[in-house]
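Asker: Here it is: the structure, laid out below.
Protein chains: 2
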Amino acid sequence: MGKKGYHHGDLRGALLDAAEELVRERGAAGWSLREASARVGVSPSAAYHHFGSRDALVRALSVRVLTRLGERMAQAAASGKDPRGSLVAACRAYVRWTLADPAVARLAFAAPARDPDATIAPHPHDVIDAELDRLAEAGELGPEARPAAEFAVWAAVHGVATLLADGLMRLDTEEAAGEQTERVVEALLTGLRQERGRTWPTPHSTHTERRARDRG
Amino acid sequence: MGKKGYHHGDLRGALLDAAEELVRERGAAGWSLREASARVGVSPSAAYHHFGSRDALVRALSVRVLTRLGERMAQAAASGKDPRGSLVAACRAYVRWTLADPAVARLAFAAPARDPDATIAPHPHDVIDAELDRLAEAGELGPEARPAAEFAVWAAVHGVATLLADGLMRLDTEEAAGEQTERVVEALLTGLRQERGRTWPTPHSTHTERRARDRG
DNA sequence: ACAGGATCTTAACAGCGTTCAGATAAGTGG
DNA sequence: CCACTTATCTGAACGCTGTTAAGATCCTGT
Numbered sequence: 053m054g055k056k057g058y059h060h061g062d063l064r065g066a067l068l069d070a071a072e073e074l075v076r077e078r079g080a081a082g083w084s085l086r087e088a089s090a091r092v093g094v095s096p097s098a099a100y101h102h103f104g105s106r107d108a109l110v111r112a113l114s115v116r117v118l119t120r121l122g123e124r125m126a127q128a129a130a131s132g133k134d135p136r137g138s139l140v141a142a143c144r145a146y147v148r149w150t151l152a153d154p155a156v157a158r159l160a161f162a163a164p165a166r167d168p169d170a171t172i173a174p175h176p177h178d179v180i181d182a183e184l185d186r187l188a189e190a191g192e193l194g195p196e197a198r199p200a201a202e203f204a205v206w207a208a209v210h211g212v213a214t215l216l217a218d219g220l221m222r223l224d225t226e227e228a229a230g231e232q233t234e235r236v237v238e239a240l241l242t243g244l245r246q247e248r249g250r251t252w253p254t255p256h257s258t259h260t261e262r263r264a265r266d267r268g
Numbered sequence: 053m054g055k056k057g058y059h060h061g062d063l064r065g066a067l068l069d070a071a072e073e074l075v076r077e078r079g080a081a082g083w084s085l086r087e088a089s090a091r092v093g094v095s096p097s098a099a100y101h102h103f104g105s106r107d108a109l110v111r112a113l114s115v116r117v118l119t120r121l122g123e124r125m126a127q128a129a130a131s132g133k134d135p136r137g138s139l140v141a142a143c144r145a146y147v148r149w150t151l152a153d154p155a156v157a158r159l160a161f162a163a164p165a166r167d168p169d170a171t172i173a174p175h176p177h178d179v180i181d182a183e184l185d186r187l188a189e190a191g192e193l194g195p196e197a198r199p200a201a202e203f204a205v206w207a208a209v210h211g212v213a214t215l216l217a218d219g220l221m222r223l224d225t226e227e228a229a230g231e232q233t234e235r236v237v238e239a240l241l242t243g244l245r246q247e248r249g250r251t252w253p254t255p256h257s258t259h260t261e262r263r264a265r266d267r268g
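So, in structure tokens, the structure goes:
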């Protein structure tokens, strides 16, 4: 089906499915490779023909779900009427996705994808970056405030998402989380737009860096 | 010393020390209870007279380091000249602390302290909350913008810290992280101050909630 | 049809968290 | 100073974990 068609069909994909399901049921760390293998109906060592280690399976899962997050964000952004609404919509999608499956999100954010050919497209960072470009083109963000703004916005949204996902803070409804996200992003944009005469160090997206190093 | 003085003296504290050291050396999950026990010079089962499980040890460690974080923030805030400078100083301390030991910070933020008598004082959330109160008293934050502002500020700072600690983004110097923290907080405050006529759902600090439930 | 390689199984390894019965040391009341 | 209680730690054992190696099985290309 997906990869090749020998004994199982697509064991790699099936293991990722099983692992994701287990993470959803028992938390980011409350499952084992053996359990995922058993759920697929295969021996534990079979997994090692598709992943170098349990950790590699976790990283691959992270890549898969982060890609889905990027797609949701891009989709949400496309439905916005103006640039500002698009950015806010993308950010709301980020938080909505995180809270829909907090354990999966935690695993995804914590697993550093060191795999050189692990491509996340579109990466959440890049969606925010692109939306800020549109905002700048529309004149809603000055040229002196644009640099490093993607770091500021991503950080703010990521903070809302992780604070809620890790249970450090709590909101009563899902809609409340969306409203708070909107508030933070809107306020941040307002503040950034009014900045005057200061430059900021350049932040680097590690995912973009890894991709670039792979090409070069 | 700390607790009691039988065979070891303060095995509980020594185990926390060893665990923290191991987290620093090998990452949040790259160590075992047996290893910490061996480092202290004690059998693995000895730990179970002080912690109900490995997870309980992790939660206790989280409480200990988060308390230190709160103290650092309060200390930094006290050194600020005006309310705004104090809040920014506390936020810079938050990020500085996180980046000084990213693995310890990750463990601390991820471990939910369900222990009823586990008190973190001052809790990072409360430091930010108190500084925002001072800001509001000084008239630098309107009464319509104050509610839920502690959630917005904590989220923004937490996002900066975790994005960098988890390696999702990278900055070249430690000072750059401080500057970006300042930028995000300042811009957010500017934006919040200009909000008009909108109310926000009330966020709850889970740590404060647990404390309150314990008293009642 | 057959060779070769990818795929999966079985068996085994050390290490893990956790439990439990027993040894040892510290505190307590006479 | 003694017995007695209680907290503290040890040693051995349990099932489970990630990982590896050797061998069986199936697919594919020629």
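Top line first, the protein sequences correspond to chains A and B.
If you use our numbering, the first sequence corresponds to residues 53 to 268, in order.
If you use our numbering, the second sequence corresponds to residues 53 to 268, in order.
Beta carbons are placed, not taken as given, at the ideal position from N, Cα and C, and that holds for glycine.
If you're wondering where the values come from, they're calculated on a predicted model, not measured in any experiment.
How would you list, in chain order, the residues of chain A whose beta-carbon sits under 9 angstroms from the beta-carbon of MET125 (chain B)?
Answerer: Correct list: empty, because the minimum Cβ distance to chain A is about 15 angstroms.
Asker: Tell me which residues of the segment 191–209 of chain B have at least one Cβ-Cβ distance to chain A shorter than 8 angstroms, keeping chain order.
Answerer: Listed in sequence order: ALA200, PHE203, ALA204, TRP206, ALA207, ALA208, VAL209.
Asker: Taking the straight line between their C-alpha atoms, what separation do you get for GLY122 (chain A) and TYR146 (chain A)?
Answerer: So the alpha carbons of these two residues sit roughly 8 angstroms apart.
Asker: Using a Cβ cut-off of 8 angstroms (strictly closer), state whether VAL212 (chain A) contacts chain B.
Answerer: Yes, VAL212 (chain A) counts as interfacial toward chain B.
Asker: Beta carbon of ARG81 (chain B), beta carbon of SER89 (chain B): below 8 angstroms?
Answerer: Here residue 81 (chain B) turns out to be Ala, not Arg, going by the sequence shown. No, the Cβ-Cβ distance between ALA81 (chain B) and SER89 (chain B) is not below 8 angstroms.
Asker: To the nearest angstrom, how far is it from the Cα of ARG296 (chain A) to the Cα of GLY104 (chain A)?
Answerer: Because chain A in this structure spans residues 53 to 268, residue 296 (chain A) falls outside the shown range and cannot be described.
Asker: Residues of chain A with CB closer than 9 angstroms to the CB of PRO253 (chain B), please, in chain order.
Answerer: Simply LEU223, ASP224, THR225, GLU227, ALA228, ALA229, GLU231, GLN232.
Asker: Please report the distance separating the alpha-carbon of HIS101 (chain B) from that of ALA66 (chain B).
Answerer: Their Cα atoms are separated by approximately 13 angstroms.
Asker: By the DSSP assignment, the alpha helix (DSSP H) with SER138 (chain B) in it spans what residues?
Answerer: Residues 135–152.
Asker: Is there at least one non-hydrogen atom of the ligand NAP closer than 7 angstroms to the beta-carbon of GLU202 (chain A)?
Answerer: Because no ligand of any kind appears in the structure shown, any question about the ligand NAP cannot be addressed here.
Asker: For a contact meaning CB atoms closer than 8 angstroms, what does SER105 (chain A) contact in chain B?
Answerer: Going along chain B, no residue has its Cβ under 8 angstroms from SER105 (chain A), so there is no contact; the nearest lies around 13 angstroms.
Asker: By Cβ distance below 7 angstroms, which residues in the same chain neighbour ASP153 (chain A) in space, the five residues on each side in sequence not counted?
Answerer: Excluding positions up to five away in sequence, the list reads ARG76.
Asker: Quick one: grab the DSSP three-state call for SER105 (chain B).
Answerer: DSSP places SER105 (chain B) in coil when its eight states are reduced to three.
Asker: Suppose you measure from the CA of PRO174 (chain A) to the CA of ALA264 (chain B); what does that come to, to the nearest Å?
Answerer: One C-alpha to the other measures close to 43 angstroms.
Asker: Using the Cβ count rule (16 or more neighbours within 10 Å means buried), how would you classify GLY57 (chain A)?
Answerer: Any reading at GLY57 (chain A) must be qualified, since the residue scores a pLDDT of 39, below 50, and its modelled position is unreliable; no value is offered.
Asker: So, helix, strand or coil for HIS210 (chain B), using DSSP?
Answerer: Note: HIS210 (chain B) maps to helix in three-state DSSP.
Asker: How many angstroms separate the CA atom of ASP224 (chain A) from the CA atom of GLU231 (chain A)?
Answerer: Spanning the two alpha carbons is a distance of roughly 12 angstroms.
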